[in-house]
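As C-alpha cells, the structure follows; a few thoughts come after it.
2 protein chains.
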Amino acid sequence: MADELRSRGARRGPTISDVASRAGVDRAVVSRIVNDDPRLRIKPSTRERVLAVIAELGYQPNAAARSLRTARTRTIALLVPDFENPAYGQIIKGAETAATAADSALLTASMELGEESFEHYAKQLGKGRVDGLLLAGGGINGTREEHLDRLGPPWLCVNRTGPGRRRYVVLDDERATEVAVSHLLELGHTELAFLSGPADSDSAERRRLGYIAAMDAAGLDPGFIAHGDYTADGGAAGMQQILSAKRRHTAVLVANVASAVGALYAARRAGVQIPHDMSVISIHDLSIAAYVAPPLTTVRMSLTGLGARAVELLLTRPRDEAIREVLQEPIDLIVRESTAPPKS
Amino acid sequence: MADELRSRGARRGPTISDVASRAGVDRAVVSRIVNDDPRLRIKPSTRERVLAVIAELGYQPNAAARSLRTARTRTIALLVPDFENPAYGQIIKGAETAATAADSALLTASMELGEESFEHYAKQLGKGRVDGLLLAGGGINGTREEHLDRLGPPWLCVNRTGPGRRRYVVLDDERATEVAVSHLLELGHTELAFLSGPADSDSAERRRLGYIAAMDAAGLDPGFIAHGDYTADGGAAGMQQILSAKRRHTAVLVANVASAVGALYAARRAGVQIPHDMSVISIHDLSIAAYVAPPLTTVRMSLTGLGARAVELLLTRPRDEAIREVLQEPIDLIVRESTAPPKS
DNA sequence: TTGTAAGCGTTATCAT
DNA sequence: ATGATAACGCTTACAA
Chain C
0 MADELRSRGA
10 RRGPTISDVA
20 SRAGVDRAVV
30 SRIVNDDPRL
40 RIKPSTRERV
50 LAVIAELGYQ
60 PNAAARSLRT
70 ARTRTIALLV
80 PDFENPAYGQ
90 IIKGAETAAT
100 AADSALLTAS
110 MELGEESFEH
120 YAKQLGKGRV
130 DGLLLAGGGI
140 NGTREEHLDR
150 LGPPWLCVNR
160 TGPGRRRYVV
170 LDDERATEVA
180 VSHLLELGHT
190 ELAFLSGPAD
200 SDSAERRRLG
210 YIAAMDAAGL
220 DPGFIAHGDY
230 TADGGAAGMQ
240 QILSAKRRHT
250 AVLVANVASA
260 VGALYAARRA
270 GVQIPHDMSV
280 ISIHDLSIAA
290 YVAPPLTTVR
300 MSLTGLGARA
310 VELLLTRPRD
320 EAIREVLQEP
330 IDLIVRESTA
340 PPKS
Chain U
0 MADELRSRGA
10 RRGPTISDVA
20 SRAGVDRAVV
30 SRIVNDDPRL
40 RIKPSTRERV
50 LAVIAELGYQ
60 PNAAARSLRT
70 ARTRTIALLV
80 PDFENPAYGQ
90 IIKGAETAAT
100 AADSALLTAS
110 MELGEESFEH
120 YAKQLGKGRV
130 DGLLLAGGGI
140 NGTREEHLDR
150 LGPPWLCVNR
160 TGPGRRRYVV
170 LDDERATEVA
180 VSHLLELGHT
190 ELAFLSGPAD
200 SDSAERRRLG
210 YIAAMDAAGL
220 DPGFIAHGDY
230 TADGGAAGMQ
240 QILSAKRRHT
250 AVLVANVASA
260 VGALYAARRA
270 GVQIPHDMSV
280 ISIHDLSIAA
290 YVAPPLTTVR
300 MSLTGLGARA
310 VELLLTRPRD
320 EAIREVLQEP
330 IDLIVRESTA
340 PPKS
C-alpha cells in the first residue's frame with residue numbers, strides 16, 4: 000500500500016516522525032515545538048536538537064494532515080468578477096496583506112456571473128478547502144445565499160450589499176459622491192450630469208443615490224443620469240448620451256475610472272474640450288487616472304483597506320453573526336486637470 | 000477528543016461514513032461512486048440510493064483528508080509581482096481556465112521581490128498545499144531556484160527565462176518586436192528609438208534584443224534606447240529622454256502598454272503631436288490601449304494563452320524534466336491611431 | 001457486487 | 001519534561 004501513491008502523487012518529504020526519531024524524541028514534542036505551544040516546558044538542549052534536525056531535514060509540516068486534524072485550512076478564498084480590472088487588484092492586494100498577517104493564504108478566483116461557474120466553485124471550495132469565502136462583485140441573490148450557507152464556510156460580501164443581505168462590508172459610496180459633487184459645486188457648476196454603473200450593481204446604485212442626495216441637499220436638479228456599465232465602452236456610450244441631451248451640462252460625475260476613461264474618449268471624439276467645455280470627475284482613483292488626457296480628477300477611497308477589513312471581519316467574527324459595515328476610511332479628493340470652473 | 004476541535008475549527012459537515020451508514024453500504028462504495036471508479040461494478044439501484052443520500056445530506060468530500068491520502072491537492076499556485084497590472088490579470092485568467100479544466104484550483108499570490116516575502120511563500124506553500132508552482136515575473140535567481148527545489152512541488156517560470164533556467168514558458172517577444180518594427184518601416188520610418196523595460200527583466204531584454212535584431216536585419220541603426228521600468232512613470236521619463244536626444248526620432252517602439260501610456264503623456268506635455276510628429280507603438284494589447292489619446296497601435300500576444308499553457312505544462316510534464324518553451328501563438332498587429340507615416 | 005482494513009501526517013488529551 | 005495513543009476523513013489493494 001501507499002506505494003502507488005508515492006509514484007502518482009507528489010513527492011512526500013520528511014514527516015514529523017522522521018524528525019522525531021532522528022532527534023530521539025516523540026512526535027508530540029516536535030509538534031509542540033513547531034507550533035510554539037506555550038504550555039510546553041522543555042529542556043533547551045532538546046529544543047535545540049529538534050530544531051537542528053528540522054533544519055537539517057528541511058522538514059515542512061504537511062498542510063493537509065494539519066487541516067484534517069484541526070479543521071482549519073488557514074486559507075481563505077476571494078472571488079472577484081474580473082482580474083483585469085485594477086480596482087479588484089487593489090482589493091486583492093489588501094486582502095492578501097491581511098491574510099498574510101493572519102498567517103493565512105489567499106485563494107483568488109474569478110467568478111463570472113454564470114450559474115455554472117458558481118456551481119463549479121461551490122464544488123471546488125467544498126468542505127475542508129477554505130476557512131471562509133469573500134465575494135467581491137455582484138451576482139449574489141437569495142438562492143445563492145442559501146447555496147453558500149449550505150457550502151459550509153462562513154462568507155462575506157465585499158462592496159456589495161442589498162436588501163436582506165446579512166453579511167457585508169462596503170465603502171462609503173454616498174460620502175464619496177458627496178465629495179465629488181461638492182468639488183463641482185465649489186467650482187461654480189450647477190448643471191451636472193451623472194454617468195452611472197450597471198443597474199444591477201449596488202455600488203453603482205449607492206453612488207447614484209449619493210449623487211441625487213447631494214444634489215437635493217444643494218437644492219439643484221440632478222440633471223441627466225446616463226447608464227454605463229463600469230467599462231470604458233459603456234462610459235463612452237454614456238458620455239455620448241449626455242452630450243446629445245437637450246439640456247446642456249457643464250460637469251459630469253462618473254461612477255468609476257474605467258467609465259471615465261471612456262467618457263474622456265467620447266468627449267475627445269466629439270470635439271468637446273475637457274475641462275474647458277465640460278468638467279469630468281470620477282469615483283475611485285487608479286494609477287491610470289494620472290496619465291489620461293486630461294489627467295483625471297478623482298475621489299479616492301481605499302480599496303486595499305476594504306480588502307483588508309473584509310479578511311479581518313471574516314476571520315474574527317462568529318460565523319452566524321450579522322456583519323453590516325460601512326467602512327469609515329478617509330475619502331480624498333484628488334484634483335488633477337479634468338475639472339475647472341464652467342466657462343462663463 | 001475532537002470535541003474542542005469542533006468548536007474552534009470550522010463546522011464539519013457530513014462525512015463519507017454518514018453517507019455510507021445512511022445508505023446501508025460501506026464507505027468504500029461511496030468513495031468509488033464519488034470518484035467514478037471505472038472498475039466499480041455496482042447495482043444501479045445501490046448507486047441511485049447512495050447518490051440520493053449524498054444529495055440529501057449535501058455531502059462534500061473533505062479536501063484535506065483526500066489530499067492527505069492521495070498526496071495531491073488539486074491546487075496550483077501562481078505568484079505574480081502585481082495584481083494591479085492588467086497584463087497579469089490576463090495571465091491569471093488563462094491559468095485559471097486551464098486549472099479549472101484540469102479540475103484544479105488556482106491559488107494566486109503577489110510576490111514582491113523581497114527576500115522575506117519569498118521566505119513567506121516558501122513557508123506558506125510548504126508540503127501538502129499545492130501540486131505545483133507557477134512564477135510569473137522576475138526575481139528568480141540561482142539561490143532561489145535551489146530554495147524552490149527544496150520546497151517540494153514542481154515549479155515553472157512564466158514569461159521569465161535566463162541563462163541556466165531549466166523550466167520556463169515564454170512568449171515570442173523577439174517576433175513581436177519584429178512585427179512592430181516592420182510596421183514602422185513599412186510606414187516609411189527609418190529613425191526609430193526603443194523604450195525598454197527594467198534592466199533585470201528578461202522579457203524586456205528579449206524585446207530589446209528583438210528590436211536590435213530587426214533593425215540590424217533592415218540595415219538600420221537602432222538609434223536611441225531609453226530605459227523604462229514597465230510603469231507609466233518610467234515610460235514618461237523614457238520618452239523625455241528620447242525627445243531631448245540629439246538625434247531626431249520619428250517613431251518609438253515601447254516595450255509595454257503601461258510605459259506607452261506614460262510615453263504618450265510625456266509627448267503631450269512636451270507639445271509633441273502623436274502620430275503627426277512621432278509614431279508610437281507598443282508591445283502587448285490591453286483594453287486601455289484603445290482609449291488613450293491617441294488610441295495606441297499595439298502588437299498583441301496572447302497572455303491568457305501563456306497562462307493556460309503554463310498550467311498545462313506544469314500539470315502534465317514530469318517534475319524533473321526540463322521545459323523550455325517559446326509559445327507559438329498568433330501575434331497580431333493592432334493598428335490604431337498612434338502610428339502614421341513620418342511627416343516629410 | 002460489496003466489504004475489510006491499513007495508512008496518509010498531524011495534534012490533543014491523558015499518562016508517566 | 002516527555003511519551004503513547006486515538007482520531008481527523010478518505011482511498012485502494014485485496015478479500016469475500
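Sequence order for the protein chains is C and U.
Heads up: the first sequence begins at 0 in numbering that gives the first Met the number 0, then just goes up one per residue.
Heads up: the second sequence begins at 0 in numbering that gives the first Met the number 0, then just goes up one per residue.
Just so it is clear, CB atoms sit at the ideal spot from N, CA and C, and this is done for glycine as well.
Within its chain, find whatever has a CB closer than 7 Å to the CB of L208 of chain C; leave out the 5 residues flanking it on each side and keep chain order. E173
Check whether the stretch 92-106 of chain U and the stretch 321-328 of chain U touch, using three or more Cβ-Cβ pairs below 8 Å as the test. no
May I ask you to list the residues that DSSP assigns as paired with G131 of chain C? C:I75
Strictly below 8 Å CB to CB, what residues from chain U border G57 of chain C? R149
Please classify A266 of chain C as buried or exposed, where buried requires at least 16 other C-beta atoms within 10 Å of its C-beta. buried
Measure how close the beta-carbons of A288 of chain U and S278 of chain U come, nearest whole angstrom, since I'm counting them as under 8 Å. Not a contact, Cβ separation roughly 15 Å.
For T74 of chain C, which of C:R128, C:L39, C:L134, C:N84 has the nearest alpha-carbon? C:R128
Going by DSSP, what residue range makes up the alpha helix (DSSP H) through I241 of chain U? 231-243
Quick one: give me the first and last residue of the beta strand (DSSP E) that Y167 of chain C is part of. 166-170
Would you please verify whether the beta carbon of A64 of chain U is less than 8 Å from any beta carbon of chain C? yes
Buried or exposed: which applies to L133 of chain U, given that a residue is buried once 16 or more other Cβ atoms fall within 10 Å of its Cβ? buried
Any idea what DSSP makes of L263 of chain U, helix, strand or coil? helix
Given 8 Å, three or more beta-carbon pairs between the stretch 331-342 of chain C and the stretch 296-312 of chain C: yes
For G227 of chain U and G237 of chain U, I'd like the C-alpha separation in whole angstroms. 6 Å
Ends of the beta strand (DSSP E) at I287 of chain U? Premise fails: I287 of chain U is in no beta strand (DSSP E) and is neither H nor E.
Given a limit of 7 Å on CB to CB distance, which residues of the stretch 222-250 of chain C reach chain U? A231
Given a cut-off of 8 Å on the beta-carbon distance, is the pair V310 of chain U and A76 of chain U in contact? no
Looking only at DSSP bridge pairs, what is I211 of chain C linked to? BP columns for I211 of chain C are empty, so no partner.
Is the Cβ of I211 of chain C closer than 8 Å to any Cβ of chain U? no
Can you name the start and end residues of the alpha helix (DSSP H) that D17 of chain C belongs to? 15-22
Around the Cβ of L39 of chain U, are there at least 16 other Cβ atoms within 10 angstroms (buried) or fewer (exposed)? exposed
Grab me the residues of E95 of chain U's own chain with a C-beta within less than 7 Å of its C-beta, minus the 5 sequence neighbours each way, in chain order. L105
Could you give the DSSP three-state label for T303 of chain U: helix, strand or coil? helix
Quick one: list the residues of chain C neighbouring Q89 of chain U, beta-carbon separation under 7 Å, in chain order. E83
Give me the Cα-Cα distance between Y229 of chain C and A259 of chain C, rounded to the nearest whole angstrom. 9 Å
Given a threshold of 16 other Cβ atoms within 10 Å of its Cβ, counted over all protein chains shown, does A51 of chain C qualify as buried or as exposed? exposed
For Q272 of chain U, return the contacting residues in chain C, with the cut-off set at a CB-CB distance below 8 Å. Result: empty, since nearest Cβ-Cβ is about 12 Å, beyond 8 Å.
Given a limit of 9 Å on CB to CB distance, which residues of the stretch 251-267 of chain U reach chain C? A257, V260, G261, L263, Y264, R267
Straight-line CA distance for P197 of chain C to L186 of chain C? 28 Å
First and last residue of the beta strand (DSSP E) that includes R322 of chain C? It should be noted that the sequence gives Ile, not Arg, for residue 322 of chain C. Run containing I322 of chain C: 322-326, per the beta strand (DSSP E) assignment.
Of the listed residues U:A62, U:S243, U:V33, nearest to V49 of chain U (C-alpha basis): U:V33
So the candidates are C:A254, C:K245, C:A135, C:A70; which of them puts its Cα closest to the Cα of V180 of chain C? C:A254
Give me the chain C residues within the contact set of V291 of chain U, using Cβ-Cβ distance strictly less than 7 Å, ordered along the chain. V291
Which partner residues does F193 of chain U have in the DSSP bridge list? U:I224, U:L252
Three-state class that DSSP yields for G124 of chain C in the structure shown: Note that residue 124 of chain C is Leu in the sequence shown, not Gly. Coil, per DSSP.
Shorter than 8 Å from the beta carbon of T107 of chain C to some beta carbon of chain U? yes
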